[in-house]
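**Q** In our numbering, the protein residues as written are 11 to 543.
Pasting in a structure now, in structure tokens, and then I'll have a few things to ask.
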């Protein structure tokens, strides 16, 4: 082994658990007896006065205080050993991984919304501000007439509340409308790996419904890996089953949590619907129905007596408004569907999310497109024949669309098409893809990078696929992928070379690395770039 160990790059992004760090230090350094090293380090951290801030990485601490800790550790019997490491990086690595775990646990705690109780105390000021902001957003993003699609908001204001990690309280503008000249994209830190603040991640009600509100450990694992919002889930569910399985296998999870996530994200959701795929009796498809049977179903005449929709009529407008509001508990929708168990509801949600993802990503669809996707999804499960007008499909799609806070048209049921005159024009609008992007970097310690170096063609290509890929524009600016030709060459590289390019300079989470490898293939990128030729 060498006598001097230079500080490696991006170690914090590579490790998620202390066990991985200890194994690395024991095998790659001279600190083979890691327990002896920890017996010195841990007491010194506890005895340090004033103490280190638990929520701050080593480079974010007061320089004098951090230097004091390093001096106290190196003055012990490991002075000679630690002196061989540039900037005492083993101490930094151990501390930074602990902070990383702490921040992710805090993120899960803040994201967990308690169930309201009739005996609960008065809401705190922060809760009142949050709920009032969500209510104001919901009021602006829907039409007073529930039979018509929600109006497109001019702008959406998101109030970024101050938190303990040093973010200042400021009102920031996130624009998703055609009337705005720019669209704001909030980005985490690719220098230190600091995740995006929970307030700016976006809604995750669909993700929580699929995984289970009470499965906090499974949600924590996904959040740490970067799969945090419904927009992430929508793109993830479009991946092939083997790609989803590879992602779950790479998660830092217990065997039980990993197996549970495999069942929810791979086994139960499955691949995209195929008429040749084997299925259980309750998952039989309706592809073989002839024209006369299609007409009977459209008239809501049940094909089987056991699937009459009596007792499962479509709820009224007031109930629909509550069930499709992302701020309301998803249990309202679950109870109205009168299902036998929660797992079945989670499975139904996953089927609708997967099959309806193309509609949800369409900026401005037509009523015919909405009815077509509802009709297609209804063929996937005979269960939907229990419900008048297949209203659970419509409600789930509407709830997800409203959760995106994007200008989607959640069209009403075909029974209320008389109000179609209130719909906005049906021609697709390219403004969301062509409008300039404004990137807001949320890290208080790193200023971010100049995204203007990345050509508009590359930005439009990523944006036309998913908002999840738009977040990678600053990362591409940092590694030098700036033109269409650069992107095409990058897509031809194998996964190992892609990972080497990205990890040499920046810190990506697991979901971002998989998104690059799965989404940015040569065929997919050529197709996307051809739209802007």
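All residues carry an ideal CB built from backbone N, CA and C; glycine is no exception.
Fair warning: this is a prediction, and the values are worked out from it, not measured in the lab.
Is residue 499 buried or exposed, if buried means 16 or more other CB atoms sit within 10 Å of its CB?
**A** exposed
**Q** Under three-state DSSP, which class holds residue 461?
**A** helix
**Q** Rounded to whole angstroms, what is the Cα-Cα separation between residue 466 and residue 488?
**A** Approximately 16 Å between the Cα atoms of the pair.
**Q** Helix, strand or coil, according to DSSP, for residue 530 in the structure here?
**A** coil
**Q** Considering only residues of the same chain and omitting the five flanking positions on each side of residue 400, which have a CB-CB separation below 7 Å?
**A** Closer than 7 Å at Cβ, skipping near neighbours: 384, 388, 394.
**Q** If you follow the alpha helix (DSSP H) that residue 84 is in, where does it begin and where does it stop?
**A** Where residue 84 is concerned, the enclosing alpha helix (DSSP H) starts and stops at 73-84.
**Q** Does the stretch 473-484 come close enough to the stretch 216-228 to have 3 or more Cβ pairs within less than 8 Å?
**A** no
**Q** Do you know offhand how far residue 101's Cα is from residue 47's?
**A** 10 Å
**Q** Taking DSSP as the reference, what is the three-state secondary structure of residue 30?
**A** helix
**Q** Residue range of the beta strand (DSSP E) that residue 197 falls in?
**A** Note, residue 197: beta strand (DSSP E), 193-197.
**Q** When we look at the beta-carbon of residue 51 and count the other beta-carbons within 10 Å, is it buried (16 or more) or exposed?
**A** buried
**Q** For a test of the three-state rule: what should DSSP assign to residue 255, helix, strand or coil?
**A** helix
**Q** Taking the alpha helix (DSSP H) that residue 508 belongs to, which residues open and close that run?
**A** Run containing residue 508: 505-513, per the alpha helix (DSSP H) assignment.
**Q** Enumerate in chain order the residues of its own chain whose CB-to-CB distance from residue 124 is below 7 Å, with the five nearest sequence positions on each side excluded.
**A** For residue 124, the predicted structure reports a pLDDT of 40, less than 50, and the residue's modelled location is therefore unreliable. A value from the coordinates is still provided. For residue 124, where only same-chain residues beyond five positions count, there are no Cβ hits under 7 Å.
**Q** Between which two residues does the alpha helix (DSSP H) holding residue 266 run?
**A** Annotation: the continuous alpha helix (DSSP H) that includes residue 266 extends over 265-272.
**Q** Report back the beta-carbon spacing between residue 15 and residue 94 to the nearest angstrom; my notes put them in contact at under 8 Å.
**A** 6 Å
**Q** Where does residue 95 sit, in a helix, a strand or coil, going by DSSP?
**A** strand
**Q** Let's test the definition: count the other Cβ atoms within 10 Å of the Cβ of residue 242 and tell me whether it reaches 16, buried, or not, exposed.
**A** buried
**Q** With the cut-off set at 8 Å, would you say residue 196 and residue 516 are in Cβ contact?
**A** no
**Q** What's the call for residue 269, buried or exposed, on a 16-neighbour Cβ count within 10 Å?
**A** exposed
**Q** Are the CB atoms of residue 475 and residue 529 nearer to each other than 8 Å?
**A** yes
**Q** Less than 6 Å between C-beta atoms, sequence neighbours within five positions excluded: which residues of the same chain meet that for residue 485?
**A** 200, 516
**Q** Please report the distance separating the alpha-carbon of residue 518 from that of residue 110.
**A** Their backbone Cα atoms lie some 14 Å apart in a straight line.
**Q** Using the C-alpha atoms, what's the distance from residue 98 back to residue 104?
**A** 11 Å
**Q** With a Cβ-Cβ cutoff of 8 Å, do residue 334 and residue 405 count as a contact?
**A** yes
**Q** Around the Cβ of residue 29, are there at least 16 other Cβ atoms within 10 angstroms (buried) or fewer (exposed)?
**A** exposed
**Q** Just verifying my parser: in three-state terms, what is the DSSP assignment at residue 554?
**A** Any answer about residue 554 is impossible in this case: the structure gives the chain only from 11 up to 543.
**Q** Between which two residues does the alpha helix (DSSP H) containing residue 486 stretch?
**A** 483-489
**Q** Does residue 447 come out as helix, strand or coil in the three-state DSSP assignment?
**A** strand
**Q** So what does DSSP say about residue 535, is it helix, strand or coil?
**A** Of the three classes helix, strand and coil, the one that applies to residue 535 here is helix, per DSSP.
**Q** If you draw a straight line from the C-alpha of residue 217 to the C-alpha of residue 79, how long is it?
**A** For residue 217 and residue 79, the distance between alpha carbons rounds to 41 Å.
**Q** Which ranges does the alpha helix (DSSP H) cover as unbroken runs of at least 4 residues, wholly within the stretch 321-369, from first to last along the chain?
**A** Within the stretch 321-369, the complete alpha helix (DSSP H) runs of at least 4 residues are 327-333, 341-347, 352-365.
**Q** Less than 8 Å between the beta carbons of residue 361 and residue 330, yes or no?
**A** no
**Q** Below 7 Å CB to CB, which residues in the same chain sit around residue 527 once its five sequence neighbours on both sides are set aside?
**A** 505, 508
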